[in-house]
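Data first, discussion second: the structure below is written as structure tokens.
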Amino acid sequence: MEYIIKAIIRGLVFPILRTFRWLFGSQMSGMQPSGPGSLQASTREQLLHQCQEAPVRKVPLLHRQFKQLPLATTRLGNDEPDSVGCQSNGSAADTKPDALPARDARVRVMAWNILADALSMGADNFIKCPKESLLWDNRKYAIIEEILTYDPDVVCLQEVDHYEDFFLPVLQQVGYSGAFNPKPDSPCLDCLDNNGPDGCVVFFKTDCFKLVKSELPNLEVDYNGKKFVSNQVAVMHHLKCISEKLLDEEFCIATTHLKAKHGYETMRAKQGQHLIEVLKKCSKNLPLIVGGDFNAEPTEDVYSVYETSDLNLASAYKKLSEDGMQEPPYTTWKIRPRREECHTIDYMWYTQEHLEPVALLRFPGEKEIGSERLPSWSYPSDHLSLVCDFVFKGT
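Laid out in structure tokens, this is it:
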């Protein structure tokens with residue numbers, strides 16, 4: 001019945017409201033037309049410059065630094081400590097965003113909930129954030145700048161509702177390819193003038209990797225032996241390295257966005273368990289990385305599902321803590337009408353026997369984030385991106 005009511009609203013009511021808005025000029029929605037627009041470039045540097053110099057940008061993007069981690073046994077030889085994988089980005093000692101750590105034979109992965117356009121302007125969201133800064137025509141430049149600044153080889157995004165009309169054509173210009181899995185009943189569809197459903201995406205550099213196989217599962221939940229397809233999705237790629245330093249290395253990369261809100265802890269655990277089973281079948285003992293928005297703090301059951309899985313997964317961002325055993329204090333920090341939310345719900349998991357994290361992008365402090373919290377003029381999402389450099393362990 002719920003789906004029938006939603007279909008009636010979307011099919012009958014929304015067109016009437018759009019017509020009313022067109023006739024009377026009512027500003028009933030903050031949605032903005034998308035498309036690559038002026039973002040036309042043949043190199044990362046050109047596209048990055050265009051984003052930084054876009055007329056709508058009021059302040060520079062919040063920049064962060066990498067933490068270098070001790071390097072244990074890897075496939076790298078002793079005679080090539082500064083060899084590069086897909087590309088070189090500066091010395092390991094210099095961790096400014098525009099002079100990134102040396103890449104060795106590394107794979108850099110970004111995982112980020114970018115905040116869907118249709119969900120950014122609701123009455124319950126971000127009460128201290130300037131409304132103008134939430135407009136898509138402002139945020140889209142900052143999102144692309146964040147991606148290009150840290151130059152990941154693989155990009156795992158959640159809450160993407162401008163895939164076909166923006167992200168795919170823009171990122172294809174600089175060598176990325178990707179796959180999108182929309183939510184079957186996305187909340188974006190309940191927003192007037194939406195751009196379609198939001199979902200998850202995994203992009204990868206085509207000069208670094210060849211796509212072997214892709215899986216786009218809808219996550220299932222099992223209640224008393226009965227399985228139901230939920231509204232949450234995942235994307236998984238089996239990639240084969242074609243760059244010189246990582247030639248023929250293979251691994252699997254996945255992203256997901258689990259059910260949000262309190263009261264859905266059991267559903268998140270079941271969704272997470274289903275994804276584990278999918279990954280076991282698809283990865284077939286290959287190195288595995290899973291980055292996404294789990295909507296769960298480390299005390300929740302779904303966290304234990306991943307930490308205790310027989311895939312032998314570890315959370316990369318624990319390595320930021322002094323003892324290497326604690327998750328960061330937050331990955332999202334926002335102010336909503338009822339409360340201020342500051343907690344850790346985004347993770348990047350990896351198989352410990354295959355991979356080793358060697359650099360992590362640090363999180364900004366309270367002063368850097370500012371009193372408005374996230375999002376803001378200086379950062380386009382309520383979630384901070386996770387960026388990690390991995391190397392393959394020796395066999």
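Letter 315 of the sequence shown, counting from 1, is numbered 315 in full-length UniProt numbering, and no numbers are missing. Just so it is clear, CB atoms sit at the ideal spot from N, CA and C, and this is done for glycine as well. Here the structure is a predicted model, which means the values were calculated and not measured.
Query: Evaluate Lys-205 with the Cβ neighbour count: other Cβ atoms within 10 Å of its Cβ, from every protein chain shown; 16 or more gives buried, anything less gives exposed.; Result: buried
Query: How many angstroms separate the CA atom of Ile-369 from the CA atom of Glu-340?; Result: 14 angstroms
Query: Rounded C-beta distance between Glu-159 and Leu-61? I'm assuming under 8 angstroms.; Result: Actually they do not touch by this definition, with Cβ atoms about 19 angstroms apart.
Query: Considering only the alpha carbon of each residue, which of Ile-127, Met-121 and Leu-71 lies closest to Arg-373?; Result: Ile-127
Query: Per the DSSP calculation, Arg-108 is bridged to which residue(s)?; Result: Asp-389
Query: First and last residue of the beta strand (DSSP E) that includes Gly-291?; Result: 288-293
Query: Could you check whether Lys-319 and Leu-69 sit closer than 8 angstroms to each other, using their CB atoms as the reference points?; Result: yes
Query: Should Gly-272 and Val-233 be called a contact, given that it needs their Cβ atoms to be closer than 8 angstroms?; Result: no
Query: I need the straight-line Cα distance from Ala-111 to Ile-144, nearest angstrom please.; Result: 13 angstroms
Query: When the Cα of Val-201 is compared with those of His-162, Leu-311 and Arg-139, which residue comes out closest?; Result: His-162
Query: When you compare each of Asp-117, Cys-282, Lys-261 and Leu-148 to Asp-190 by their alpha carbons, which one comes out closest?; Result: Asp-117
Query: Just the C-alpha distance for Phe-166 and Lys-367, rounded to the nearest angstrom, thanks.; Result: 32 angstroms
Query: Sort Asp-389, Asn-312 and Thr-299 by Cα distance to Ala-269 and report the nearest one.; Result: Thr-299
Query: For Ser-309, which residues from the same chain have a beta carbon less than 8 angstroms from its beta carbon, with the 5 sequence-adjacent residues on both sides left out?; Result: Ile-276
Query: Would you mind stating whether Leu-216 and Val-235 have Cβ atoms separated by less than 8 angstroms?; Result: yes
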